[in-house]
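Under our numbering, residues 261 to 596 are what the sequence shown spells out, in order.
A virtual CB, placed ideally from N, CA and C, is assigned to each residue, including glycine.
Remarks on the structure that follows.
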Amino acid sequence: MPNVYILPDKRLVECGPSEAILRAALRHGIPFTHACGGNAICSTCRVVVVSGSAACRDRTPKERAIAERLGFSAEFRLACQTRVSGDVTVRRLVLDSQDLELADLRARGAKASRRGGLGRRARSKRGPRPIGTELPVSVLFADIRGFTAFAEALLPYDVIHVLERQLRELTATVERHAGVVTSYMGDGIMALFGPDDPEASSLRAVRAGLDLLADTDRRRAELEALYGRSCDLNVGLHHGLAIVGSVWGNPPTLTAIGDAVNLASRIEQANKGFGTRFLMSEATLTELGDQDLDDQVVVGRSFRCELPGKAGEHTLVEVLTMADRVVPQVGSERPR
C-alpha cells in the first residue's frame with residue numbers, strides 16, 4: 261500500500277489505491293483544512309508535492325478546473341482529489357486561519373461579487389497568479405533622479421502633484437508595452453514584462469524603458485517653465501527567473517521576488533556611478549539575441565563591475581535607442 265509522508269506534521273500515513281490523500285490524512289488524525297468538505301469547490305486542502313510526483317495520478321476534472329482557474333503548476337495538488345500509486349511526500353499549505361482566508365475560493369468569490377470586477381480579473385489570462393510560479397520575466401526598475409532636490413524647493417502640494425503625474429505617466433507607458441507595474445517605491449517603480457505576450461518580454465521592456473526616458477525629456481521643459489528646475493530618470497533592466505505571484509489585497513497585487521528582481525534594482529542604481537540613463541544586464545542582451553532581435557537595439561558602452569550585495573562581477577550594457585528610431589543620415593551607416 262502506498263505511503264504518504266505529510267509535512268510539516270512529519271507523519272507517514274498509508275493511502276489506499278482508491279483513497280484520496282485528504283481522506284487518508286484525516287483518518288490518521290492530521291488536521292487537514294478542507295473548508296468545502298473535500299468536494300473540490302475550494303482550494304483549502306492544497307498541497308505541494310515535494311517528491312514522488314510520478315506516483316500522483318492525473319487530476320480529476322474538478323481539480324483540473326480549480327488548477328486552471330488559479331494557475332497551479334504541476335506540483336500543486338488538491339489533497340481531496342489526489343490519489344497515488346506509490347510513495348510520495350507532500351506539504352500542507354493551509355495551516356492557520358489566515359491561510360484559510362487566502363485559499364478559500366468560496367469566500368473570495370463572495371467578496372468579488374460584492375466588489376464587482378475581481379472575479380473577472382481573476383479569470384483574466386494576464387491576471388495575478390495566486391500561487392507563486394517561477395517564470396522567465398524581464399524586470400524593469402525606473403527611478404526619478406534628482407527628485408529629492410527638486411522637491412525641496414516646492415510646496416508640498418506641488419510635490420505630490422508632480423510625483424503623482426510622473427508615476428501615472430510611467431505606469432501608462434509600461435502598460436502600453438504589455439508590462440505591469442507591481443510596486444511604487446517613493447519616486448520610482450518596478451515593472452514586470454512576462455512571457456504571456458508573443459513578442460519577447462525583453463524587447464517590450466527595452467521599448468518601454470526608452471519611452472519612459474523620452475517622456476521624461478518632453479516633461480523637462482514643462483517642469484523648468486513651471487518650477488525653474490527639473491529632474492531626470494534612470495532605468496535598469498534584467499531578464500531572468502523570478503517567483504511571480506500575488507499578495508492579498510483588494511484587489512490582489514501582482515508581485516515578484518528573487519535574484520532577478522534584486523539584480524534589476526542594482527542595475528538601475530548603477531546608472532548614477534556611470535553617468536548613464538539606461539543600463540541592462542548581459543543576460544538581457546543575450547535573450548534579445550536568442551530572439552533574433554539584437555539588431556534592433558542600439559547599445560553604447562559596456563561596463564564590467566561589482567554590484568552591491570551581488571557576488572562577482574557583472575557586465576552591464578548601455579541602451580541608447582532602437583534601430584527603427586534612428587534617422588539615417590546621408591553618407592553614414594546605421595549606428596550600432
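Taking C-beta atoms as the reference points, alanine 285 and phenylalanine 292 count as a pair closer than 7 Å. With contacts defined as CB atoms closer than 7 Å, threonine 433 and aspartate 471 qualify as a contacting pair. Excluding five sequence positions before and after alanine 520, the CB atoms of its chain that fall closer than 8 Å to its own CB belong to Val397, Val399, His498, His499, Gly500, Leu501, Ala502, given in chain order.
Scanning Phe336, Arg287, Glu335, Cys316 for the CA closest to the CA of arginine 343 turns up Cys316.
Remark: C-beta atoms of glycine 448 and alanine 402 approach each other more closely than 7 Å.
Straight-line measurement puts the Cα of valine 348 at about 13 Å from the Cα of proline 277. As a beta-bridge residue in DSSP terms, histidine 574 pairs with Cys565. Taken through DSSP and simplified to helix, strand or coil, glycine 406 comes out as coil. Secondary structure at histidine 498: strand, using DSSP grouped into helix, strand and coil.
For the pair leucine 395 and glycine 331, the Cα-to-Cα distance works out to about 12 Å. Following the DSSP letters along the chain, one finds asparagine 263 inside the beta strand (DSSP E) bounded by residues 263 to 267.
Remark: C-beta atoms of glutamate 542 and threonine 575 approach each other more closely than 7 Å. The residue among Val273, Phe453, Leu430 with its C-alpha nearest the C-alpha of aspartate 477 is Leu430.
Contact check for valine 558 against leucine 548 fails: the beta carbons are separated by 7 Å or more. Residue environment analysis places isoleucine 420 among the exposed positions, since fewer than 16 neighbouring C-beta atoms fall within 10 angstroms of its C-beta. Restricted to the segment 293 to 336, the beta strand (DSSP E) segments that are unbroken, complete and at least 3 residues in length are 306 to 311, listed in chain order. Setting aside the 5 residues that flank it on each side, glycine 439 is surrounded in the same chain by Ala451, Phe453, Ala468, each with a C-beta closer than 6 Å to its C-beta; the list follows chain order. If you look at serine 443, you'll find it in the beta strand (DSSP E) that goes 440 to 445. Valine 579 and glutamate 412 have their alpha carbons spaced roughly 31 Å apart. Distance from the Cα of glutamine 341 is smallest, within the candidate group Arg324, Asn263, Gly569, for Arg324.
Per DSSP, reduced to three states, the secondary structure at valine 354 is coil, with no helix or strand assignment.
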